[in-house]
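> In the numbering used here, the protein residues as written are 2 to 532.
(1) When the Cα atoms are used, what is the spatial distance from residue 165 to residue 155?
(2) CA-CA distance, residue 215 and residue 444?
(3) Which full runs of the beta strand (DSSP E) of 3+ residues lie inside the region 205-280, going along the chain?
(4) Return the chain-ordered list of same chain residues with a C-beta closer than 6 Å to the C-beta of residue 204, the five sequence neighbours on each side being excluded.
(5) Whose C-beta lies closer than 7 Å to the C-beta of residue 85 among residues of the same chain, with five residues either side of it excluded?
(6) For residue 432, I'd like the list of residues in its chain whose CB is within less than 8 Å of its CB, leaving aside the five on either flank, ordered along the chain.
(7) Thinking C-beta only, is residue 284 closer than 9 Å to residue 353?
(8) What is the C-beta distance between residue 447 and residue 341, in whole angstroms, given that I count them as a contact (C-beta under 8 Å)?
(9) Which term fits residue 147, buried or exposed, when burial requires 16 or more other beta carbons within 10 angstroms of its beta carbon?
(10) By the DSSP assignment, the alpha helix (DSSP H) with residue 134 in it spans what residues?
(11) Can you check which of these residues, 145, 167, 48, 56, is closest to residue 79 by C-alpha distance?
(12) Please list, in chain order, all residues of the same chain as residue 453 whose beta carbon is under 7 Å from its beta carbon, the five residues on each side excluded.
(13) Hey, which unbroken runs of the beta strand (DSSP E) at 3 residues or more fall wholly within the region 121-208?
(14) Between the C-alpha atoms of residue 296 and residue 357, what's the straight-line distance to the nearest angstrom?
(15) Have a look at 461, 20, 478, 529 and flag the residue whose alpha-carbon is nearest the alpha-carbon of residue 260.
(16) Identify every residue that forms a DSSP beta bridge with residue 289.
(17) Is residue 498 helix, strand or coil when you go by DSSP?
(18) Does the region 310-319 come close enough to the region 368-381 that 3 or more CB-CB pairs lie under 8 Å?
(19) Tell whether a beta-carbon distance below 9 Å holds between residue 400 and residue 159.
(20) Taking C-beta to C-beta, are residue 49 and residue 118 nearer than 9 Å?
(21) Report back the beta-carbon spacing between residue 152 and residue 65 to the nearest angstrom; my notes put them in contact at under 8 Å.
(22) Nearest-angstrom Cα distance between residue 8 and residue 114?
(23) Using C-beta distances below 8 Å, list every residue in its chain close to residue 52, excluding the 5 sequence neighbours before and after it, in chain order.
(24) Have a look at 40, 94, 194, 224 and flag the residue whose alpha-carbon is nearest the alpha-carbon of residue 362.
(25) Residue 157 and residue 170 look like a contact to me (Cβ under 8 Å); what is the Cβ gap, rounded to whole Å?
(26) Does the region 485-504 come into contact with the region 285-292, if we say contact requires no fewer than three beta-carbon pairs (one atom in each stretch) closer than 8 Å?
(27) The alpha helix (DSSP H) that contains residue 307, what's its start and end?
(28) Which residues in the same chain as residue 267 place their Cβ atom closer than 8 Å to its Cβ, once the five residues preceding and following it in sequence are excluded?
(29) Bridge partners of residue 32, per DSSP?
(30) For the putative contact between residue 73 and residue 46, defined by C-beta atoms under 8 Å, what is the C-beta separation to the nearest angstrom?
(31) So what's residue 342 in DSSP terms, helix, strand or just coil?
(32) Near residue 127, which residues of its chain fall below 6 Å by C-beta distance, leaving aside the five closest residues on each side in sequence?
(33) Give the single residue among 438, 387, 386 whose Cα lies nearest to the Cα of residue 404.
(34) What residue range is occupied by the uninterrupted alpha helix (DSSP H) comprising residue 436?
(35) Please list the terminal residues of the continuous beta strand (DSSP E) segment that includes residue 470.
(36) In the DSSP assignment, what residue or residues form a beta bridge with residue 332?
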């Protein structure tokens, strides 16, 4: 069956967009191409065999499904892991039983398959070893492409899910056909531009590199902030050590007697909770202003504010606000947290002792949000249409924006490989942005919980990141939810994430060794029943 939108894109595309459509998935002796019948091909027994295969079918990227790996002579995920650790021990002169860090998806592991032979059509391989994403620099200067890619999703563990066996994301696709469908669904979900000049954001190398492309690429020089790069903004440099999340991501309370008498515990997960923060959250552009005592707080400005006092720890029955008093006095808070405090305590006004704020602040990732939001809606629609690869495309999509926030808050920015100095193209080293985003996301989650309390009289029993538990006498989760809670796939809706009889939950909760509240008790209950 022809995917007509994909065929239309391939017919209209030029340049980088056309290159993004030129991929195939290799099974065990069979090549699967978009909108084509499968083709029998010899599997590449080394990197030397790849250029001829991709040239024969006009491919830019060759994806290797796990069913092809044995025939190709590639190690499994576990074998590559053990091989990489053995190489690390040998390089460090350690004994075989000494623990070492296993190789990541992009840490090269030396292997015969990945070593170009004498007279090879491959001039270089980057990175120089087996990784999840290998770039082949071709020796033939007249070839259609100077570089082609071999992607091995079986080596990519960054999409794995704790409650899901095997790989997640691309590596979870059961068959080459499903992986091909996942790649097609994902690419079409990113389609934008005009009819005459369509554009896409293909998956590239890993979730963080794809996130950079979603955010606008490395050419966004306005994203650079020298003060942050040099560690001159203490709250940004020290992060959560100095400025803890005011709304905690892990919280639980003891159930009341009335709640203990309820029939059921239900868990609901906020749909795409962190994605929503990318759109409206104000982020600092350029260099910050260091304000002193008496600086007026302005919620339109991204930044950090050291306040003389805080009005309280939030509403009863809700996650307890967290603060850290500074030795010099006061409490550092990011803009979204101060804004939430002012909402919850309308009689209180912040008294600023010191600030690091950006007078030039704007929703700098709103373009990324629009791309990701549209992409997500299209992937969800593909799932509803029964596309077999859409589930895996959705896992990849979610990981991109979740991982990118962490990528913004790395401990240090990248350095130039040649000089060891600052690498200016690493524009997305912005721990302050990451802090504003997570503060905004957790504040929005708190607002939702408060709405359920005020409108529906329902209090959460626990919060775990973007999920909340509620007790009810109703076994049906739709009947048990707070009345104003919407269930669905939209950005402001929630999904049903499990339930259990309250008496069975209490057996776990009441055990002296149990420390993780209702969320942990529900996890344990479901795990014991294989759910």
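Here a beta-carbon is modelled for each residue, glycine too, at the ideal position from N, C-alpha and C. Computed from a predicted structure; not experimentally measured.
On the basis of the coordinates in this document:
(1) 15 Å
(2) 24 Å
(3) 251-253, 265-271
(4) 211
(5) 103, 104, 108, 110
(6) 229, 237, 238, 240, 409, 410, 411
(7) no
(8) 7 Å
(9) exposed
(10) Where residue 134 is concerned, there is no enclosing alpha helix (DSSP H), although the beta strand (DSSP E) it sits in stretches over 134-139.
(11) 167
(12) 459, 483, 485, 486
(13) 123-127, 134-139, 148-152
(14) 10 Å
(15) 461
(16) None, per the DSSP bridge assignment.
(17) strand
(18) no
(19) yes
(20) yes
(21) 7 Å
(22) 34 Å
(23) 122, 123, 137, 139, 141, 144, 149
(24) 224
(25) 7 Å
(26) no
(27) Element bounds for residue 307: not the alpha helix (DSSP H) but the beta strand (DSSP E), 304-308.
(28) 470, 471, 472, 473, 478, 481, 482, 497, 499, 500
(29) 27, 40
(30) 6 Å
(31) helix
(32) 136
(33) 438
(34) 432-457
(35) 468-473
(36) 308, 326
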